[in-house]
Amino acid sequence: MSGPQSTMVTAGPVAKSQWDLFMVTVYVTTFIFVVTGAVLAYAQIKFRAKSEADEHAEPPAEAGHGNPLVEIGLIAGSVALLVIIAIPTLQGIWYTYDVPEAEKGNAIEINATGYQWWFKFEYPNEMVPQPLGGEAPLVTGNELVVPAGVAVRVNLRTIDVIHSFWIPKLAGKVDMMPNRANHLWFKADKPGYFYGQCAEYCGESHAIMKFRVIALGQEDYAKWLANQKLPARTVTAQSLQAEAAAPRVQFASLKETAPGSTLGSSPDFDANPFAGWQAKQKHEAGENASLIDTGRKLFAEKTCITCHTVRGHEGIGITGPDLTHLGARTSIAAGVLDNSAERLHQWIKDPNYFKPGNKMYHGGYIDVNTKQAKFTLTDAEIDALVAYLHSLK
Ligand code: HEC
Ligand SMILES: [Cu+2]
1 MSGPQSTMVT AGPVAKSQWD LFMVTVYVTT FIFVVTGAVL AYAQIKFRAK SEADEHAEPP
61 AEAGHGNPLV EIGLIAGSVA LLVIIAIPTL QGIWYTYDVP EAEKGNAIEI NATGYQWWFK
121 FEYPNEMVPQ PLGGEAPLVT GNELVVPAGV AVRVNLRTID VIHSFWIPKL AGKVDMMPNR
181 ANHLWFKADK PGYFYGQCAE YCGESHAIMK FRVIALGQED YAKWLANQKL PARTVTAQSL
241 QAEAAAPRVQ FASLKETAPG STLGSSPDFD ANPFAGWQAK QKHEAGENAS LIDTGRKLFA
301 EKTCITCHTV RGHEGIGITG PDLTHLGART SIAAGVLDNS AERLHQWIKD PNYFKPGNKM
361 YHGGYIDVNT KQAKFTLTDA EIDALVAYLH SLK
């Protein structure tokens, strides 16, 4: 009941209002069930055939028509019960629609776009310089970081088919529809690590179109944001020495969720997902500058740059998730795999194995018309790519 995608353990006011509404419906329908069941049981027992003769007897004349008062009473009672459900339902719909007036002042805004099968998150008020000049909003993929205790308005868009945005413990589900601007809002009561999921069937890999939401204390959020706005980290032998003395990001103040908290899930990583996220912000141990540099070159040679942006480096593509700070994310392939060296290696080697139909493989790795491979990757080359991508903190 308290799993990572349970709606029963809520962590914010929007999910709480949805849960309360659900419970109102449960109480009303339970009441109906008990009353109807009791009357039925009473009638069954009271009017059952008590003898052989009873079984074949004609019903008495007065049993032919019901009692008008009882019938009108039942209609009135049903209407009353529906009204009891309708009032909080309408209130709930209005409440979940947009950030309450009182909180609009310090709310933040996010544009979330669904792609088959991953999520792009944009911070429209946080502009960053772009590879080809000009400025555009800061972009992340599949992991949305927000400040805790602050209302977040999410503008919902899609690039292709209908998706649906759902963070079970925080808010949802609202569809991301072509040519229609939907939105919702949510707030995380305290820092935490949350699981999100596309909730509208959207093709082959729909069931594994996931995402994560990380809510941070104000101070940590500001640090995270400052780091995200920097262009991609470039590793050289000298920079490694300098950074060993003064690391670029430090989340010393990061507060973990209370012990025994029900946030998070699967045993290995999720015993404390928040600590796992924190660990990911630090540089990998034993970084090898020349391997990372080889990876960077391969990232360009093997056409990865045509689909992925690495701001400040060669990548300028927008077909796939922004990878400028991939090393600092806890998951890859839209929340499906841990962002470990082993998993990232497996993903780069055969993305279609994990996500059948995905656009990195179909169109990137193989030509969709001829079905011919566009390039080959040796294990050594993949190791270099992994080292490069994991250096992007
Ligand atoms: C044709 C475009 C295309 C090419 C070429 C491409 N990718 Fe991708 N990549 C994608 C798409 C689309 C996704 C999202 C897949 C999904 O989750 O459904 C993705 C996902 C990823 C991810 C996971 C990102 C995340 O946030 O989950 C990594 C890492 C990645 N690609 C690395 C690479 C590397 C390395 C190469 C070059 C060997 C490459 N990609 C080539 C389109 C491409
Ligand atoms: Cu979807």
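Quick note: the sequence shown uses the UniProt record's numbering, first residue 1, plus one each step.
Cβ atoms here follow ideal geometry from the backbone N, Cα and C, with glycine treated the same way.
C-alpha gap between residue i and residue j, whole angstroms
| i | j | result |
| --- | --- | --- |
| ALA199 | TRP166 | 6 angstroms |
| THR10 | VAL386 | 36 angstroms |
| ALA148 | PRO231 | 25 angstroms |
| GLY92 | VAL34 | 27 angstroms |
| ILE348 | SER164 | 27 angstroms |
| TRP118 | THR96 | 24 angstroms |
| PHE299 | GLY172 | 36 angstroms |
| TYR353 | LEU90 | 44 angstroms |
| MET8 | ILE214 | 19 angstroms |
| TYR361 | PRO191 | 36 angstroms |
| TYR228 | MET177 | As written in the sequence, residue 228 is Gln, which differs from the Tyr given in the question. Each residue's Cα considered, the two are about 28 angstroms apart. |
| LEU81 | LEU40 | 20 angstroms |
| ASN179 | ARG343 | 36 angstroms |
| GLY320 | LEU291 | 24 angstroms |
| ARG157 | LEU377 | 35 angstroms |
| ILE110 | ILE87 | 30 angstroms |
| residue 432 | SER391 | Residue coverage of the chain in this structure runs from 1 to 393, which leaves residue 432 outside it and unanswerable. |
Any non-hydrogen atom of ligand 2 within 7 angstroms of residue i CB
| i | result |
| --- | --- |
| GLY320 | no |
| HIS206 | yes |
| GLY363 | no |
| TRP117 | yes |
| MET8 | no |
| GLY172 | no |
| residue 399 | Outside the shown range of the chain, which is 1 to 393, sits residue 399, and nothing can be said about it. |
Near ligand 1: residue i beta-carbon under 7 angstroms from a heavy atom
| i | result |
| --- | --- |
| THR303 | yes |
| THR96 | no |
| TRP277 | no |
| LEU82 | no |
| ILE348 | yes |
| residue 399 | Summary: the structure shown does not reach residue 399, with the chain confined to residues 1 through 393, and so no result is reported for it. |
| ILE332 | yes |
| CYS307 | yes |
Member of the options whose CA lies at the smallest distance from the CA of residue i
| i | options | result |
| --- | --- | --- |
| PRO13 | VAL152, GLN278, GLY286 and LYS229 | VAL152 |
| GLU301 | VAL161, PHE375 and LEU21 | PHE375 |
| VAL310 | ALA76, PRO129 and ALA245 | PRO129 |
| VAL174 | VAL154, LYS50 and MET127 | VAL154 |
Buried or exposed (CB count within 10 angstroms, at least 16 for buried), residue i
| i | result |
| --- | --- |
| LYS210 | buried |
| VAL368 | exposed |
| GLY260 | Per-residue confidence for GLY260 stands at a pLDDT of 39, beneath the threshold of 50, marking its modelled position as unreliable; the derived number appears in the next sentence. With fewer than 16 Cβ atoms within 10 Å of its Cβ, GLY260 is classed as exposed. |
| GLU204 | exposed |
| TYR42 | exposed |
Residue i: CB within 7 angstroms of a non-hydrogen atom of ligand 3
| i | result |
| --- | --- |
| GLY141 | Although ligand 3 was asked about, the structure shown includes only ligand 1 and ligand 2 as ligands. |
task: Count the CB pairs spanning the region 186-197 and the region 138-152 that are closer than 8 angstroms, and state whether there are at least three.
output: yes
- prompt: At a cut of 8 angstroms, does the region 273-288 reach the region 363-381 through at least three beta carbon pairs?
  reply: no
query: Are at least three pairs of beta-carbons, each pair with one atom in the region 201-210 and one in the region 107-122, less than 8 angstroms apart?
result: yes
message: Check whether the region 14-23 and the region 51-68 touch, using three or more Cβ-Cβ pairs below 8 angstroms as the test.
response: no
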